[in-house]
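Which chain is which? The protein sequence lines are C and W, in order.
Here my numbering is used: position 115 in the first sequence is 115, and no number is missing along the way.
When you read off a place in the second sequence, starting at 1, and then add 329, the result is the number in my numbering.
Glycine included, each C-beta is placed from N, C-alpha and C at the ideal position.
A short write-up of the structure that comes next.
Number of protein chains: 2
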Amino acid sequence: MSVAEFYHGKRVVITGGVGFIGSNLALRLVDLGAEVMLIDSMLPAYGATLENIAPVRDRVQLNFSDVRDSHSLSYLVQEREVIFSLAGQISHSESMRDPMTDLEINCRSQLSLLECCRHNNPNVRVVFASTRQLYGRPRYLPVDEKHPLEPVDVNGINNLAAEMYYTLYHQVYGIPTVSLRLTNTYGPRMEVRNDKKGFSGIFIRNALEGKKIRIFGSGEQRRDFNFVDDVVEALLLAGAAPELDGEVFNLGHPTPRSLLEFVQALRQSIPVEYELVPFPAEAQAIDIGDYYGDFQKFHKASGWSPRVDLEQGLARTVEYYRAHGWPGS
Amino acid sequence: MSVAEFYHGKRVVITGGVGFIGSNLALRLVDLGAEVMLIDSMLPAYGATLENIAPVRDRVQLNFSDVRDSHSLSYLVQEREVIFSLAGQISHSESMRDPMTDLEINCRSQLSLLECCRHNNPNVRVVFASTRQLYGRPRYLPVDEKHPLEPVDVNGINNLAAEMYYTLYHQVYGIPTVSLRLTNTYGPRMEVRNDKKGFSGIFIRNALEGKKIRIFGSGEQRRDFNFVDDVVEALLLAGAAPELDGEVFNLGHPTPRSLLEFVQALRQSIPVEYELVPFPAEAQAIDIGDYYGDFQKFHKASGWSPRVDLEQGLARTVEYYRAHGWPGS
């Protein structure tokens, strides 16, 4: 069955549905004819803005609530067929400044969501947006799923625990869960206000505002960048394929790029100036150096590969923000 | 410096200090001339009983409080030189029945303790009692510290996250932490009331009460058993050796024994009858099969090896309960 057929008429819920990836997924699911509910706490600085879902605002059910609120969650998961668990605190530096909040959202709420499913809807398929952050500093490249799990910040540890809950609840209770370890995702609706959500959003905002981009270190650190439409496709595939149940998969891109190359690619769409500056101590302590993932396991299981290259993806991102403006613009 | 010299006059705090291992550690530390504070929530069925610390009751400072209470904890860690973090929910089956409580105690409270140290006493040495449970089902034996971490229950996942917080707070903030992965610990003051704290306590209680011991499965599952005095010695060594900071070590025993052999060893001290019964489904789902650990890393780093064999240890355990009675006796 194709993804389009699978989701047509499906009752789907997305936690963090008004945020960056959640809203892109929502738009696509509405397009496929799914019955979509979005759960979002609208926490300031977490990336949600109603502008993100403007094109589908009247075709989704929007439920403002926080995944930390397990009583609401118990009702929200009922009668749903697929849950995309995307709500999260994603800033690494913020997880060090306020680790207890990171734990509540990334660790406790995930276990709580699974408990809600176990008690109220044990057959619902659940796709968890995990992160490459749980590998820590790569011991080899590209990083595959067998790589040791050695997270270097609180965010990585909490996501690791969360991912393990998802796998466990499949093993012990048979709840159909699957986790995708996302890497650097970028694209329209990404958080560009907040300095704590990774460099790509900041770089793009600075370019849009004609400000100089500051690159920490030599700029030679490599990353694999996934355009959000490719990530949405991966999430849809994961949610539609029972043969992936209980598994964990890397996403990734076949062409890793350095930060300098990222800036060069961005320059094809918009004028960019940059400077190299030394790493601030705080960022250095939790930096992971080069990272790029091996996504062959997911490719073999689902046929997925990224379709959008960095130049195209950045062009579409810049186009989006030029058309819609950006928060603060 | 010897352990005895190191702890003489040291200001030490033990969380879970009235429980099984905590109380044995407390007795030894008082004996070494340390200034000992015990923190315990006295949660029913968690193993704490004042009988455990009767011999030193007037030579320790006893603070009744729960590690989930971070405001109290902030004060309790101040001016201490060594913290033994032993408070925990240790029942695997209970962690599946009530996973949120397991998370609060084993995961959230550990992060909270570290935050208290970071803000109020960043030079305090912290020894964390971790568990072999975070390895899951062994892929090879004996299990060393490089073995993949694949916990098979919520308790194992939460302990894994906790241990990673300890290592991280050393790496990022320089707090001197060290984790020991305990295996099956037994001895005087162990919890013998509660069916959920592992089989050794239940076996010993049944023997004391003249009841038949029920062994799940074939009885051939092997484990490594550490007598509590050996575990106390390991904790003391870990707390006294700055060169172990930031590290994680297995405990273990050079002679693993099957459950049937455990019963044979127990029979040398007390008459025992037993029967083999099939695994209940709940226990089977989270059973890890054979487990024994390689403790060479800790042996090389600290000189530690277990001194007490199973026959001696069980004899001393039975002797203790015969002299003191046991809860419910």
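Is the distance from the Cβ of residue i to the Cβ of residue j below 8 Å?
i: Y241 of chain C; j: W304 of chain C; result: A quick correction: the sequence has Ala, not Tyr, at residue 241 of chain C. It is not a contact, given that the beta carbons lie outside the stated cut-off.
i: E115 of chain C; j: M429 of chain W; result: yes
i: N579 of chain W; j: D473 of chain W; result: yes
i: V12 of chain C; j: D40 of chain C; result: no
i: V453 of chain W; j: R409 of chain W; result: yes
i: T460 of chain W; j: L511 of chain W; result: yes
i: L361 of chain W; j: Y336 of chain W; result: yes
i: T584 of chain W; j: D638 of chain W; result: yes
i: K541 of chain W; j: E602 of chain W; result: yes
i: L595 of chain W; j: A652 of chain W; result: no
i: P176 of chain C; j: H253 of chain C; result: no
i: G575 of chain W; j: H476 of chain W; result: no
i: A87 of chain C; j: G16 of chain C; result: yes
i: V507 of chain W; j: L573 of chain W; result: yes
i: A375 of chain C; j: F227 of chain C; result: Residue 375 of chain C cannot be examined here, being either before or after the span of chain C that is shown, 1 to 329.
i: L259 of chain C; j: G219 of chain C; result: yes
i: D431 of chain W; j: S424 of chain W; result: yes
i: L478 of chain W; j: L149 of chain C; result: yes
i: V232 of chain C; j: L73 of chain C; result: no
i: I288 of chain C; j: P138 of chain C; result: yes
i: E520 of chain W; j: G376 of chain W; result: yes
Throw me the rounded Cβ distance for the residue i and residue j pair, which I believe falls under 8 Å.
i: L509 of chain W; j: A458 of chain W; result: 6 Å
i: G568 of chain W; j: F413 of chain W; result: 7 Å
i: G313 of chain C; j: G201 of chain C; result: Between G201 of chain C and G313 of chain C the Cβ distance is about 13 Å, and since that is not below 8 Å, they are no contact.
i: R380 of chain C; j: R223 of chain C; result: This structure leaves residue 380 of chain C out entirely; chain C is present only between 1 and 329.
i: V411 of chain W; j: S438 of chain W; result: So it is not a contact: roughly 18 Å between Cβ atoms.
i: I157 of chain C; j: L358 of chain W; result: In fact, because the Cβ distance is near 30 Å, the residues do not count as touching under 8 Å.
i: Q407 of chain W; j: N450 of chain W; result: 6 Å
i: V172 of chain C; j: I615 of chain W; result: 7 Å
i: Q133 of chain C; j: N106 of chain C; result: 10 Å between Cβ atoms; not a contact.
i: R205 of chain C; j: S23 of chain C; result: That belief does not hold up - the Cβ atoms of R205 of chain C and S23 of chain C are roughly 18 Å apart, past 8 Å.
Quick check on the burial criterion: 16 or more other C-beta atoms within 10 angstroms. Buried or exposed for residue i?
i: G527 of chain W; result: buried
i: T514 of chain W; result: buried
i: M366 of chain W; result: buried
i: V277 of chain C; result: exposed
i: Y166 of chain C; result: buried
i: E604 of chain W; result: exposed
i: L379 of chain W; result: exposed
i: R543 of chain W; result: exposed
i: P480 of chain W; result: buried
i: K339 of chain W; result: buried
i: E5 of chain C; result: exposed
i: G539 of chain W; result: exposed
i: S2 of chain C; result: exposed
i: Y469 of chain W; result: exposed
i: P609 of chain W; result: exposed
i: F274 of chain W; result: Since the first and last residues shown for chain W are 330 and 658, residue 274 of chain W lies out of range.
i: Q268 of chain C; result: exposed
i: F554 of chain W; result: buried
i: F64 of chain C; result: exposed
i: P44 of chain C; result: exposed
i: D58 of chain C; result: exposed
i: G136 of chain C; result: buried
i: P600 of chain W; result: exposed
i: A34 of chain C; result: buried
i: E163 of chain C; result: buried
i: P142 of chain C; result: buried
Can you pull the chain W neighbours of residue i, defined as C-beta to C-beta under 8 Å?
i: Y160 of chain C; result: According to the sequence provided, residue 160 of chain C is Leu. The question's Tyr does not apply to it. Those are L489, A490, M493, listed as they occur along chain W.
i: P151 of chain C; result: M493, L497
Name the chain C residues whose beta carbon is nearer than 8 Å to that of residue i?
i: G615 of chain W; result: For the record, residue 615 of chain W in the displayed sequence is Ile; it is not Gly. Residues of chain C passing the Cβ test: V172.
query: Any residues in the segment 97 to 120 of chain C with a beta carbon nearer than 7 Å to a beta carbon of chain W? Which ones, in chain order?
result: Within the segment 97 to 120 of chain C, P99, M100, L103, C107, R108, L111, S112, E115 place their CB atoms closer than 7 Å to a CB of chain W, listed in sequence order.
query: Can you list, in chain order, the residues of the segment 129 to 157 of chain C whose Cβ is nearer than 9 Å to any Cβ on chain W?
result: Correct list: K146, P148, L149, E150, P151, V152, D153, V154, G156, I157.
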